[in-house]
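Peer 1:
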Amino acid sequence: MKGAISYAEYRTDDARLTIELIKAARRHGAEALNYMALDRIENDEAEGMRLHCSDKLDGTSYVFDARAVVSAAGPWVDKVRGISEQATSKKLHLTKGVHVVVHKKELPVRSPIYFDTKDGRMIFVIPRDKVCYIGTTDTDYHGDLDNVLCTKEDALYLLDNVNSYFEGISISLANVISSWAGLRPLIKEEGKGPTELSRKDEIFIDSNGLISMAGGKLTGFRMMAKKLVDLLQDKGMVNGLKKCLTRDYQIHADPFGSYEEYQAYVNKLINSFGTLGLNYDTSKYLVDNYGKNAASILSDIDQSNDDFDEALIRKEILFTIRYEASVRPDDFFNRRSGLLYFYPERISKYKDVVIDTFAEYFQWDPKFKDRQTLVMMKLINDSINIV
Ligand SMILES: Cc1cc2nc3c(=O)[nH]c(=O)nc-3n(C[C@H](O)[C@H](O)[C@H](O)COP(=O)(O)OP(=O)(O)OC[C@H]3O[C@@H](n4cnc5c(N)ncnc54)[C@H](O)[C@@H]3O)c2cc1C
């Protein structure tokens, strides 16, 4: 060997990035409503567009008037455009991608690794605390958009490639501690298969005025947002719309200035709360998820509870309810804390505490609590069982 190169690959927590972005938008006056589905658009000569929506939690219907409507519904873009029955005018080609998670002791990597698969694709192995996740696949998908699952075939494809690539590594399905599957809303191109399709983003404008954006990558979200804001401005669709600010906009209200500052903060929390039971791993987990808000979660903890982890999870949930619009256990497990995939042992231990904390806060009646428990259990089962 004459030499080698290494390049930096960065890990993003997509759920945290999205929630921090929504919080930033709210600081600037935006209103954000989760679980509010757009069911139908009505065009009214006098009023403009009228949106018929429903709250997916309690079924209440709402009507909103709008001057412009942008749909960023990902894999559901075709459905929102109301063209799901007309195959010829469909814009999307959906492909499924799965990730599987194993303990680092099965695959002891220290930094993200990228390698080529036997069939000429690429796979990443990405470490996160005590686990690493392996992904992803890229296969055509025609199933239920709301129930995308990791199959044995998907998982074995990833494990087979990892086992062939890393010497001395032999990971089986039994070693997989969790998995998830998602859909890429790629832009359809006749005659092209999943891996040949471009990941470019596109904007579609329908005759009823609905603007949809699809394709693209998470890493390109600022450029995609700018394209949309510029379009709305060029077409004069929203009076008084300000110039897009994203280029110089810092998303987090109180970010760390450097990696050293972040590390010092993790240690400072241990100094302040170590006597309560806070160790390095938990301090890092809290700071990774909640930044400097970790201190306010910890300062509020019930010191009379002998089980520090239980007292902590209760406060964590209350923080995500009050400041991050968590309304169901799966919001917390899946889209706020990452516990579902990366710390599944904490889920199995504290799932009853989680459901009770939500039920107490929102004063759920027993029937509603039972329904939410079923939703939570399906999510947990889907993440630990490969079908
Ligand atoms: C397996 C996989 C791996 C990926 N890897 C990478 C990567 O390494 N790097 C990268 O940059 N990108 C990656 N991506 C792409 C990235 O995940 C997407 O670009 C990103 O999720 C798009 O975000 P979005 O908000 O546009 O859509 P989504 O995240 O799909 O969100 C769409 C939202 O619309 C909502 N919705 C649907 N219908 C309605 C309705 N009728 N009313 C109201 N709301 C509705 C849904 O509930 C959902 O919340 C990957 C994607 C997959 C699937």
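Counting the sequence shown from 1 gives a position; our numbering is that position plus 499. Ideal Cβ positions, reconstructed from N, Cα and C, are used throughout, including at glycine. Please read these numbers as outputs of a predicted model, since none were measured by experiment.
(1) If I measure Cβ to Cβ from Val874 and keep anything under 8 Å in the same chain, skipping five residues before and after, which residues do I get?
(2) Specify whether the segment 700-716 and the segment 658-677 touch according to this definition: at least 3 beta carbon pairs, one from each stretch, less than 8 Å apart.
(3) Classify Ala680 as buried or exposed, calling it buried when 16 or more other Cβ atoms lie within 10 Å of its own Cβ.
(4) In whole angstroms, what separates the C-alpha of Asp577 from that of Asp639?
(5) At what residues does the alpha helix (DSSP H) containing Leu648 begin and finish?
(6) Do the segment 521-528 and the segment 725-734 meet, that is, are 3 or more Cβ pairs less than 8 Å apart?
(7) Ligand 1 and Ala571: does any heavy atom of the ligand fall closer than 6 Å to the residue's C-beta?
(8) Using beta-carbon positions only, say whether Tyr748 and Phe755 come within less than 7 Å of one another.
(9) Does DSSP put Ser678 in a helix, in a strand, or in coil?
(10) Any chance you could list the alpha helix (DSSP H) runs of at least 4 consecutive residues sitting entirely within the segment 771-818, in chain order?
(11) Considering only their Cβ atoms, is the gap separating Ile670 from Val601 smaller than 7 Å?
(12) Do you know whose CA, among Gly596, Asn660 and Asp653, lies nearest Gly619's CA?
(13) Are there any heavy atoms of ligand 1 lying less than 6 Å away from the beta-carbon of Val765, as far as the coordinates show?
(14) Verify the contact flag: Lys590, CB atom, against every heavy atom of ligand 1, threshold strictly below 6 Å.
(15) Of the choices Ser847, Leu537 and Lys791, whose alpha-carbon is the least far from that of Glu809?
(16) Tell me which residue opens and which closes the beta strand (DSSP E) that Lys603 is part of.
(17) In angstroms, rounded to a whole number, what distance separates the CA positions of Ala571 and Gly502?
Peer 2: In short:
(1) These residues qualify, in order along the chain: Arg827, Pro828 and Asp829.
(2) no
(3) buried
(4) 16 Å
(5) Run containing Leu648: none; DSSP gives neither H nor E here.
(6) Short answer: they don't touch.
(7) yes
(8) no
(9) When DSSP states are grouped into helix, strand and coil, Ser678 belongs to the strand group.
(10) Runs of the alpha helix (DSSP H) lying entirely within the segment 771-818, each at least 4 residues long, are 779-789 and 793-798 in chain order.
(11) For Val601 and Ile670, yes; Cβs fall inside 7 Å.
(12) Asn660
(13) no
(14) no
(15) Ser847
(16) Counting along the chain, Lys603 falls outside any beta strand (DSSP E), and DSSP gives it neither H nor E.
(17) Each residue's CA atom was taken as its position, placing Ala571 and Gly502 some 45 Å apart.
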